[in-house]
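Visitor:
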Amino acid sequence: MASPPPSSLPLIFILLSTFLSLHHANTCSSINNSAPSSSSILPPSHILSSLQTLPLHGFLHHSIPPLASTDFGNIYHFPPLAILHPHSLSDISRVITHLFQISSASFKIAARGHAHSLQGQAQAHHGLVINMESLREAMRVVRIDDQQVAYVEVSGGELWINVLHETLKHGFAPKSWTDYLHLTVGGTLSNAGISGQAFRHGPQIDNVFHLQVVTGKGEVVACSKDQNADLFYGVLGGLGQFGIITKARISLEPAPKMVKWIRVLYSEFSVFARDQEYLISIENTFDYIEGFVIMNRSGILNSWRSSFNLKDPLQVQATQFESEGRTLYCLEMAKYFTPPHEIEAMNKSVEHLLSELSYIPSTIFLSEVSYVEFLDRVHASELKLRAKGLWDVPHPWLNLLVPRTKIHHFNQEVFGKILTDSNNGPILIYPVNQTRWNSKTCLVTPEEDVFYLVAFLSSAVGEGSLEHILNQNKRILDFCEEARLGVKQYLPHYNTQEEWQSHFGSRWEAFVQRKLAYDPLALLAPGHRIFQNAIATPC
Numbered sequence: 213m214a215s216p217p218p219s220s221l222p223l224i225f226i227l228l229s230t231f232l233s234l235h236h237a238n239t240c241s242s243i244n245n246s247a248p249s250s251s252s253i254l255p256p257s258h259i260l261s262s263l264q265t266l267p268l269h270g271f272l273h274h275s276i277p278p279l280a281s282t283d284f285g286n287i288y289h290f291p292p293l294a295i296l297h298p299h300s301l302s303d304i305s306r307v308i309t310h311l312f313q314i315s316s317a318s319f320k321i322a323a324r325g326h327a328h329s330l331q332g333q334a335q336a337h338h339g340l341v342i343n344m345e346s347l348r349e350a351m352r353v354v355r356i357d358d359q360q361v362a363y364v365e366v367s368g369g370e371l372w373i374n375v376l377h378e379t380l381k382h383g384f385a386p387k388s389w390t391d392y393l394h395l396t397v398g399g400t401l402s403n404a405g406i407s408g409q410a411f412r413h414g415p416q417i418d419n420v421f422h423l424q425v426v427t428g429k430g431e432v433v434a435c436s437k438d439q440n441a442d443l444f445y446g447v448l449g450g451l452g453q454f455g456i457i458t459k460a461r462i463s464l465e466p467a468p469k470m471v472k473w474i475r476v477l478y479s480e481f482s483v484f485a486r487d488q489e490y491l492i493s494i495e496n497t498f499d500y501i502e503g504f505v506i507m508n509r510s511g512i513l514n515s516w517r518s519s520f521n522l523k524d525p526l527q528v529q530a531t532q533f534e535s536e537g538r539t540l541y542c543l544e545m546a547k548y549f550t551p552p553h554e555i556e557a558m559n560k561s562v563e564h565l566l567s568e569l570s571y572i573p574s575t576i577f578l579s580e581v582s583y584v585e586f587l588d589r590v591h592a593s594e595l596k597l598r599a600k601g602l603w604d605v606p607h608p609w610l611n612l613l614v615p616r617t618k619i620h621h622f623n624q625e626v627f628g629k630i631l632t633d634s635n636n637g638p639i640l641i642y643p644v645n646q647t648r649w650n651s652k653t654c655l656v657t658p659e660e661d662v663f664y665l666v667a668f669l670s671s672a673v674g675e676g677s678l679e680h681i682l683n684q685n686k687r688i689l690d691f692c693e694e695a696r697l698g699v700k701q702y703l704p705h706y707n708t709q710e711e712w713q714s715h716f717g718s719r720w721e722a723f724v725q726r727k728l729a730y731d732p733l734a735l736l737a738p739g740h741r742i743f744q745n746a747i748a749t750p751c
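Heads up: take any position in the sequence shown, counting from 1, add 212, and you land on the numbering used here.
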């Protein structure tokens with residue numbers, strides 16, 4: 213990508229770069245007296261050879277397996293030159309420090325967790341991929357006081373499903389989740405981590421006490437809201453642009469044993485949205501609230517979630533409900549409890565909450581499952597899709613955050629005009645109340661207190677399917693832009709720096725300052741295409 217003209221860059225960007233250039237000579241010795249000049253551009257093969265000389269506890273892998281040049285999106289395929297399998301924090305720090313000191317701005321680094329990215333964000337074309345799952349360390353659960361407050365200290369390369377199982381041994385669990393738990397801690401914290409608990413607890417990035425980060429200079433920095441706070445909030449939701457998360461302390465709460473899991477259907481979006489917004493506004497509500505759209509389907513068992521227990525007559529009645537080709541809206545709720553002493557109170561609470569809603573009575577599904585089974589529900593669907601060879605297909609997902617005041621217009625246009633045939637995967641749609649969220653992180657959201665997550669989780673199966681879905685996604689984005697809805701992308705993807713500048717809006721200048729401070733060569737996370745070139749060049 214060509215660099216934008218100077219006139220398109222904010223003034224602070226130009227001033228900071230000029231300042232760094234003027235003080236360049238004075239800081240050279242503190243970086244590396246023997247480093248080559250900025251005009252010396254080492255070829256990738258030389259850089260790779262120099263990396264091989266570093267004393268590492270892990271190892272560099274040069275025979276690149278196909279998986280290293282793909283991700284869950286399965287749309288972009290950029291092979292790296294090497295993969296680092298770190299066995300210690302010092303491996304990551306030593307490699308990045310070396311690349312920074314030799315001014316190898318063209319040799320990019322991508323931290324790869326479980327590679328659930330969609331647009332090549334876990335890849336580094338002709339660069340270095342760091343396999344973060346190699347860095348796993350023993351987890352440590354710590355109780356802070358006698359008031360049932362605790363945290364778990366965990367490696368950035370650990371999977372959330374493993375965090376769940378470990379913390380449950382101590383009677384605790386994280387407060388906020390993603391729908392899919394087979395993702396790394398560092399990966400979701402670099403984005404946000406949003407699910408049906410976010411209306412109450414905020415995203416996962418709002419439930420972190422402390423981080424250990426390796427910056428784009430190779431520096432190992434401990435940070436929290438009280439220590440190196442600028443880096444702490446920059447890394448949370450910062451898309452991997454300022455550092456690699458190598459360790460995190462995650463806030464915990466006492467864990468329930470069971471979940472009352474409920475789904476109901478609506479035929480009118482206005483009623484569906486009203487009930488969702490009501491539920492997230494009250495104090496004594498469900499513990500989890502999501503929703504999804506069912507496009508032109510005849511039965512609600514065609515859901516991606518799961519099949520409920522059909523022994524109850526009400527469940528059988530619900531399976532016989534016919535949509536008659538209509539677009540339906542499903543409200544999904546969950547209430548946590550621990551039997552036997554909480555069963556009665558839970559049932560009374562659920563009964564009361566359901567009595568306040570205006571769903572189609574004959575469509576109610578209810579089930580009781582274990583807490584683990586509920587949280588890991590998507591993995592069950594994954595196993596079924598893998599068995600059919602339908603998991604490793606392209607996933608041209610589109611995730612949007614839509615302001616509450618615009619969601620009805622969005623629904624009319626998108627689900628009434630743009631999406632006219634059966635969708636190619638689940639469509640999530642549910643509101644969150646960000647008044648309880650931390651606004652200091654790098655996550656970009658609409659400017660209203662309540663907004664909706666709308667996630668088009670499409671799978672491209674069959675010839676021409678990928679092109680069709682990508683065109684459909686473009687139509688949706690074009691509509692949002694033309695209608696000035698104030699929509700923001702979640703898990704954003706843009707091709708130009710001007711688009712990224714528009715995405716961040718008034719927060720762009722602070723984003724650039726952080727990049728200059730923590731990754732001035734723009735070594736990290738090249739797949740986002742935010743900074744293709746160095747912000748400043750060291751000696």
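Here a beta-carbon is modelled for each residue, glycine too, at the ideal position from N, C-alpha and C. For clarity, every value in this text was computed on a predicted model and none was experimentally measured.
Using the Cα positions of isoleucine 417 and lysine 560, report the straight-line distance between them to the nearest angstrom.
Guide: If you take the alpha carbons of isoleucine 417 and lysine 560, they lie about 33 Å apart.
Visitor: Excluding five sequence neighbours on each side, which residues of the same chain lie with their C-beta closer than 6 Å to the C-beta of leucine 669?
Guide: Trp609, Gly637 and Pro638, listed in sequence order.
Visitor: Measuring CB to CB, does threonine 657 end up less than 8 Å from lysine 618?
Guide: No. Outside cutoff.
Visitor: Threonine 458 by DSSP, collapsed to three states: which one?
Guide: Strand.
Visitor: Is DSSP giving threonine 309 helix, strand or coil here?
Guide: Residue state, collapsed to three classes: helix.
Visitor: Looking at the secondary structure, which residues open and close the alpha helix (DSSP H) in which lysine 686 lies?
Guide: Counting along the chain, the alpha helix (DSSP H) containing lysine 686 begins and ends at 677 to 694.
Visitor: Thinking C-beta only, is isoleucine 572 closer than 8 Å to cysteine 542?
Guide: In this structure, isoleucine 572 does not lie closer than 8 Å to cysteine 542 by Cβ.
Visitor: Counting C-beta neighbours from all protein chains within 10 Å, is the total for isoleucine 304 16 or more, i.e. buried, or is it exposed?
Guide: The residue in question, isoleucine 304, is buried, as its Cβ has 16 or more Cβ neighbours within 10 Å.
Visitor: Taking the CB atoms as reference points, tell me whether lysine 547 and phenylalanine 498 lie closer together than 8 Å.
Guide: In contact: lysine 547 and phenylalanine 498 (Cβ atoms closer than 8 Å).
Visitor: According to DSSP, is glutamine 424 helix, strand or coil?
Guide: In this structure, glutamine 424 counts as strand in the three-state DSSP scheme.
Visitor: Does DSSP put proline 643 in a helix, in a strand, or in coil?
Guide: Looking at proline 643 - three-state DSSP - the assignment turns out to be strand.
Visitor: When the Cα atoms are used, what is the spatial distance from serine 407 to glutamate 502?
Guide: Rounded to whole angstroms, serine 407 to glutamate 502 spans 8 Å at the Cα level.
Visitor: Given leucine 602, which residues of its chain have a CB within under 6 Å of its CB, disregarding the five upstream and five downstream residues?
Guide: There are no such residues.
Visitor: Quick check for students: name the residue ranges of the beta strand (DSSP E) that lie wholly in the region 531 to 611, counting only runs of 3 or more.
Guide: Fully enclosed beta strand (DSSP E) runs of 3 or longer: 540 to 549 and 577 to 582.
Visitor: If you draw a straight line from the C-alpha of asparagine 495 to the C-alpha of serine 463, how long is it?
Guide: Here the sequence assigns glutamate to residue 495, which means asparagine is not the residue at that position. Using only the alpha carbons, I get a separation of about 21 Å.
Visitor: Quick check: what's the CA-CA separation for lysine 437 versus serine 300?
Guide: Taking the straight line from one Cα to the other gives about 25 Å.
Visitor: Which residue marks the beginning of the alpha helix (DSSP H) containing arginine 486, and which one marks its end?
Guide: Run containing arginine 486: 481 to 493, per the alpha helix (DSSP H) assignment.
Visitor: Taking the alpha carbon of tyrosine 363 as the reference point, which residue from Thr379, Ser677 and Ile373 has its own alpha carbon closest?
Guide: The shortest C-alpha separation from tyrosine 363 is found at Thr379.
Visitor: Please report how far the alpha carbon of lysine 320 lies from the alpha carbon of serine 593, in whole angstroms.
Guide: For lysine 320 and serine 593, the distance between alpha carbons rounds to 35 Å.
Visitor: Please list, in chain order, all residues of the same chain as proline 551 whose beta carbon is under 7 Å from its beta carbon, the five residues on each side excluded.
Guide: Only Lys469 and Met470 meet the Cβ criterion.
Visitor: What are the boundary residues of the beta strand (DSSP E) that includes tryptophan 473?
Guide: Taken as a continuous stretch (DSSP letters only), the beta strand (DSSP E) holding tryptophan 473 covers 470 to 478.
Visitor: Rounded to a whole number of angstroms, what is the C-alpha to C-alpha distance between tryptophan 473 and asparagine 419?
Guide: Using only the alpha carbons, I get a separation of about 24 Å.
Visitor: In chain order, what residues of the same chain lie with their CB nearer than 8 Å to the CB of histidine 591, ignoring the 5 residues before and after it?
Guide: Closer than 8 Å at Cβ, skipping near neighbours: Ile373, Tyr392, Leu393 and His394.
Visitor: Compare the Cα-Cα distances from leucine 703 to each of Gly449, Arg306 and Val433 and report the closest residue.
Guide: Nearest option by C-alpha distance: Gly449.
Visitor: Using only alpha-carbon positions, find the residue among Pro255, Leu268, Val397 and Ser388 that is nearest to alanine 467.
Guide: Answer by Cα proximity: Ser388.
Visitor: DSSP puts proline 466 in a beta bridge; with which residues?
Guide: For proline 466, which the question treats as bridged, DSSP gives the partners Phe384.
Visitor: Short check: CB of alanine 672 to CB of leucine 665, under 8 Å?
Guide: Taking 8 Å as the Cβ cut-off, alanine 672 and leucine 665 do not qualify as a contacting pair.
Visitor: Taking the DSSP output, what are the residues bridged to leucine 665?
Guide: According to DSSP, which records beta bridges pairwise, leucine 665 is partnered with Leu613 and Tyr642.
Visitor: Are there 16 or more other CB atoms within 10 angstroms of the CB of alanine 557, so buried, or fewer, so exposed?
Guide: It is exposed - the Cβ of alanine 557 has fewer than 16 other Cβ atoms within 10 Å.
Visitor: Could you say which of Phe411, Leu443 and Ala410 lies nearest to valine 425 if we only look at CA atoms?
Guide: The candidate whose alpha carbon is nearest that of valine 425 is Leu443.
Visitor: Taking arginine 306 as the reference, which of Thr282, Glu544 and Ile342 has the closest Cα?
Guide: Taking only the C-alpha atoms, the option nearest arginine 306 is Ile342.
Visitor: Using beta-carbon positions only, say whether glutamine 333 and histidine 680 come within less than 8 Å of one another.
Guide: Not in contact: glutamine 333 and histidine 680 (Cβ atoms no closer than 8 Å).
Visitor: Just the Cα atoms here: how many angstroms apart are aspartate 731 and threonine 427?
Guide: Answer to the nearest angstrom: the Cα atoms are 6 Å apart.
Visitor: Beta-carbon within less than 8 Å of asparagine 514's beta-carbon, same chain only, minus the 5 sequence neighbours each way: which residues are those?
Guide: Here asparagine 514 scores only 45 on pLDDT, less than 50, and its place in the model is too uncertain to base an answer on.
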